[in-house]
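*Asks:*
In the working numbering, the protein residues as written are 61 to 111.
#1: Are residue 98 and residue 63 close, meaning C-beta to C-beta below 8 Å?
#2: So residue 67 packs on residue 95, CB below 8 Å; how close in whole Å?
#3: Taking the C-alpha atoms as reference points, what is the distance between residue 103 and residue 110?
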C-alpha cells in the first residue's frame, strides 16, 4: 500500500520533468531502488515472523 503511494508520487514527479530521456533513466533507477527496498522489507518481515 505504502509502496503504491510512493510509486504514484515518483511517477508524478517524473511526469513533471521536462527532459524525457532523463525521466526514463530516473524512473528505471527508482523502480530498481524500490524493488530492492521491497525485497529487504520482505526478508525482514519473514525474519520477524520466523521468530
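Just so it is clear, CB atoms sit at the ideal spot from N, CA and C, and this is done for glycine as well.
If you're wondering where the values come from, they're calculated on a predicted model, not measured in any experiment.
*Replies:* According to the data block:
#1: yes
#2: Not confirmed; about 11 Å, so no contact.
#3: 10 Å
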